[in-house]
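**Student:**
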Amino acid sequence: MLSPAPAPTPIDPRGPRLNQLVLTIGLLAGGIADQRWVVPFFAVVLGLGAAFGPRYGPVLRFYAEVVRPRLGPPEEWEDPRPPRFAAAVGVVFLLAASVAFLAGAPGLAWALATVVAVLAGLAAVSGLCVGCEVWVLWARWRARPDAGVVDGELPIVVGRPTDVVFTTPWCANCEPALDALAEAGDDREVVVVDATRRPDLSRRYEIRSAPTVVRLDEHGDVVGRLVGLSEVRGATAPVSSA
Numbered sequence: 000m001l002s003p004a005p006a007p008t009p010i011d012p013r014g015p016r017l018n019q020l021v022l023t024i025g026l027l028a029g030g031i032a033d034q035r036w037v038v039p040f041f042a043v044v045l046g047l048g049a050a051f052g053p054r055y056g057p058v059l060r061f062y063a064e065v066v067r068p069r070l071g072p073p074e075e076w077e078d079p080r081p082p083r084f085a086a087a088v089g090v091v092f093l094l095a096a097s098v099a100f101l102a103g104a105p106g107l108a109w110a111l112a113t114v115v116a117v118l119a120g121l122a123a124v125s126g127l128c129v130g131c132e133v134w135v136l137w138a139r140w141r142a143r144p145d146a147g148v149v150d151g152e153l154p155i156v157v158g159r160p161t162d163v164v165f166t167t168p169w170c171a172n173c174e175p176a177l178d179a180l181a182e183a184g185d186d187r188e189v190v191v192v193d194a195t196r197r198p199d200l201s202r203r204y205e206i207r208s209a210p211t212v213v214r215l216d217e218h219g220d221v222v223g224r225l226v227g228l229s230e231v232r233g234a235t236a237p238v239s240s241a
C-alpha cells in the first residue's frame, strides 16, 4: 500500500470562517434585495480560493494581510483541504444557481444560493463545516486498508501508563500534539495509531476527531481522554510553582 501524501501546510482556521461569514451576509442581502449578480460574483470569489489557494481568494487574502497581523496566533491550525473542498461544493451550487437564473427559474436559483448561505453561516458561527465533514469521510474511506477491518489488540506496555494517540494522514495538529506529549517529560508510554488503518480501534475507543489521546493506566483501563491540540497542551503544560 502506498504511503499517504504528506499533509499541506496548515492554515489559520479564522480565515475560512471570515470567508464564510462574508459569503452568508452577501448572499442573504442579495436575496432580500433580489440582486442576482451576487450569486455569480461569490461563485468567482469562492472559486479563486478553492482552485488556487488562499492567496487568490479576495476575502482570504484580506484576512491574511489586514486582519491576521492584528490578532494573536490561533489556538489550533487547520488542514486546508477540507475547507477548500467545501468551497468547491459551494461553487458548484452557486454556478447551478446562476444557470437557473439564465433559464428563468429564479425560485430554484435563490433556493440553491440559500443552501450555500445557510451552510456557510453555520460554519462561520459554530465551526461546523458540513462540506469539511464530507471531505473527511471521503478521505477516511479512501485510506481504509484493503482487507477491511484489522483485527488485533492495541499494543500496550504492561505495567506502565500509556497515551494512545489517534491520528490521521490529513491531521494538521497531530504532530504538535505528539511534540507536546514528548515535552511533558513524564513516564507515560506513547503509542501512535493511524485511525484510518485501525477502524476497529477507532470504534472501540469512540474516536471522532484527530488528534485524540486515550489515556490508559498500567492495567490498560481508560482513565481519561484528550481531544484536540488545546486539551493536549493544557494537560501536558508544566505547572508553575507559587
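Oh and the sequence shown: position 11 is 10 in numbering that gives the first Met the number 0, straight run, nothing missing. Note that CB positions come from ideal geometry on N, CA and C, so glycine has one too.
(1) Quick check on the burial criterion: 16 or more other C-beta atoms within 10 angstroms. Buried or exposed for E74?
(2) Just list the residues that DSSP pairs V44 with in beta bridges.
(3) Output the residue ranges of the alpha helix (DSSP H) runs that lie fully inside the segment 70-115 and measure 4 residues or longer, sorted by chain position.
(4) Can you tell me whether G147 is buried or exposed, with buried defined as 16 or more other CB within 10 angstroms of its CB?
(5) Would T23 pass as a contact of G126 if the rule is Cβ separation under 7 Å?
(6) Check the C-beta distance from A183 over to T235 and give it rounded, since I have them as a contact under 8 Å.
(7) Of the choices R203, G56, A42 and L180, whose alpha-carbon is the least far from that of V88?
(8) V190: which of F100, T211, N172 and A171 sits nearest, CA to CA?
(9) Looking only at its own chain, which residues have a Cβ that is under 7 Å from the Cβ of A112, when we skip the five neighbours before and after it?
(10) Taking just the CA atoms, how far does E188 sit from I263?
(11) Using the C-alpha atoms, what's the distance from T161 back to F216?
(12) Determine the extent of the alpha helix (DSSP H) in which L59 is found, giving its start and end residues.
(13) How would you label E77, buried or exposed, when you count the other beta carbons within 10 angstroms and need 16 or more for buried?
(14) In whole angstroms, what is the alpha-carbon distance linking V221 and A171?
(15) Looking only at C-alpha atoms, which of D11, F165, V65 and D185 sits nearest to R196?
(16) In whole angstroms, what separates the C-alpha of R69 from that of L17?
(17) Could you tell me the alpha carbon to alpha carbon distance between A50 and V124, rounded to whole angstroms?
(18) Going by DSSP, what residue range makes up the alpha helix (DSSP H) through R202?
(19) With DSSP as the reference, label G30 as helix, strand or coil.
(20) Quick one: residues in its chain with C-beta nearer than 7 Å to the C-beta of A86, no 5 flanking neighbours on either side, listed in chain order?
(21) Looking at the secondary structure, which residues open and close the alpha helix (DSSP H) in which R232 lies?
**Tutor:** By the coordinates alone:
(1) As a working mapping, residue 74 is identified with position 75 in the sequence shown. So E74 counts as exposed.
(2) The residue labelled residue 44 in the question sits at position 45 within the sequence shown. The beta-bridge partner set that DSSP reports for V44 is empty.
(3) 80-101
(4) Taking the first residue of the sequence shown as position 1, residue 147 is located at position 148. No answer about G147 holds up, because its pLDDT of 32 lies below 50 and its placement is not dependable.
(5) For the purposes of this step, residue 23 is identified with residue 24 of the sequence shown, where counting begins at 1. For the purposes of this step, residue 126 is identified with residue 127 of the sequence shown, where counting begins at 1. No. Outside cutoff.
(6) As a working note, residue 183 is residue 184 in the sequence shown. As a working note, residue 235 is residue 236 in the sequence shown. Confirmed, about 4 Å.
(7) Within the sequence shown, numbered from 1, the residue matching residue 88 stands at position 89. The option with the nearest alpha carbon to V88 is A42.
(8) By 1-based counting over the sequence shown, the position of residue 190 is 191. That would be T211, whose Cα lies nearest to the Cα of V190.
(9) Position 113 of the sequence shown, counted from the first residue, corresponds to residue 112. The answer, listed in chain order, is L26, G30, V38, L93 and A96.
(10) In the structure as shown, the chain starts at 0 and stops at 241, and residue 263 therefore has no counterpart that could be examined.
(11) For the purposes of this step, residue 216 is taken as the residue at position 217 of the sequence shown. For the purposes of this step, residue 161 is taken as the residue at position 162 of the sequence shown. Sequence inspection shows Asp at residue 216; the Phe mentioned does not correspond to that position. When rounded, the distance between both Cα atoms is 6 Å.
(12) Counting from 1 along the sequence shown, the entry for residue 59 is found at position 60. P57 to F61 is the extent of the alpha helix (DSSP H) around L59.
(13) Taking the first residue of the sequence shown as 1, we reach residue 77 at position 78. The residue in question, E77, is buried, as its Cβ has 16 or more Cβ neighbours within 10 Å.
(14) If you number the sequence shown from 1, residue 221 lands on position 222. If you number the sequence shown from 1, residue 171 lands on position 172. Each residue's CA atom was taken as its position, placing V221 and A171 some 25 Å apart.
(15) Within the sequence shown, residue 196 is the residue found at index 197, counting from 1. Selected option, being the one with the closest Cα: F165.
(16) To locate residue 69, count along the sequence shown from 1; it is residue 70. To locate residue 17, count along the sequence shown from 1; it is residue 18. When rounded, the distance between both Cα atoms is 15 Å.
(17) Within the sequence shown, residue 50 is the residue found at index 51, counting from 1. Within the sequence shown, residue 124 is the residue found at index 125, counting from 1. Going by the C-alpha atoms only, they are around 24 Å apart.
(18) Position 203 of the sequence shown, counting from 1, holds the residue named residue 202. Counting along the chain, R202 sits inside the alpha helix (DSSP H) bounded by residues P198 to R203.
(19) As a first step, residue 30 must be located in the sequence shown, where it is residue number 31. Reduced to three states, the DSSP call for G30 is helix.
(20) For the purposes of this step, residue 86 is identified with residue 87 of the sequence shown, where counting begins at 1. The residues are L45, G48 and A49.
(21) The residue given as residue 232 occupies position 233 in the sequence shown. L228 to T235 is the extent of the alpha helix (DSSP H) around R232.
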